[in-house]
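Residue numbers (the working numbering): 2 to 191.
Glycine included, every Cβ here is placed at the ideal spot set by N, Cα and C.
Below is one structure, written out as structure tokens, with a few remarks after it.
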Amino acid sequence: MELLMVRHLPTEWNKMGILQGLKDIPILPVLAKDKKKIKENRKVIERFNPEIVLVSELIRTKQTALEYGFDHPVIEPLLNELHFGLYEGTLKKELEKNKQWFVNPRLLRFGEHLIHFEQRIVNFLNKYCHYSRVLAFGHGSWMRACMSLVQVGTIEKMNQVIVENNELIHLPKIEIAQLGREEASFDVSN
2 MELLMVRHLP
12 TEWNKMGILQ
22 GLKDIPILPV
32 LAKDKKKIKE
42 NRKVIERFNP
52 EIVLVSELIR
62 TKQTALEYGF
72 DHPVIEPLLN
82 ELHFGLYEGT
92 LKKELEKNKQ
102 WFVNPRLLRF
112 GEHLIHFEQR
122 IVNFLNKYCH
132 YSRVLAFGHG
142 SWMRACMSLV
152 QVGTIEKMNQ
162 VIVENNELIH
172 LPKIEIAQLG
182 REEASFDVSN
């Protein structure tokens, strides 16, 4: 399976450094620099020739897909952003004060336990692994977590990279059997 991911276009909260999570915030009017990047990314997407185009349930991914010319993507709840719980609507720098966010995010629990978030991404990859080429319009934390899963088998490295709005990430060969292998040594019950 090859996965091509595009992070949604900027929202007002992105510009202000506020965590959105599951808040359904629309994108801002598309600027010339974003239109230029869309045009560049479209060339990559056309060469990639996706078999399926997916978006999360949140409006910002749907609007981004529309700006890219995809009128009827498949809505996939497994692509939803991390539920940040009480951090949603607060400045990202407040969350970044928690050192575990950078060194071991799997220990954290917000509106969603990060072990469950990790499993949700593994479930997504398992669900779509029968496709050769998948295009997903997604979210920053989700995309970073997916990249970490593919690299090291868990989400532990997700906050050691940055994915900008409207950035395109290509994961050329995903080996499903290697994902989510590391077991948690702590309680993840709700």
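Straight-line measurement puts the Cα of V7 at about 8 Å from the Cα of L136. If the five residues before and after L172 are omitted, its C-beta is found closer than 6 Å to the C-beta atoms of L4, V151, all from its own chain and listed in chain order. Residue environment for I116: buried (at least 16 other C-beta atoms within 10 angstroms of its C-beta).
L59 is the residue among L59, R121, R145, G22 whose C-alpha sits nearest the C-alpha of I76. From the listed residues V162, I163, E165, A146, the smallest Cα separation to I156 is found for A146. Of the candidates I53, I28, T91, the residue whose Cα lies closest to the Cα of K128 is I53. Boundaries of the beta strand (DSSP E) around F138: 134–139. Pairing E97 with S142, the inter-Cα distance amounts to about 13 Å. In the three-state reduction of the DSSP assignment, V56 falls in the strand class.
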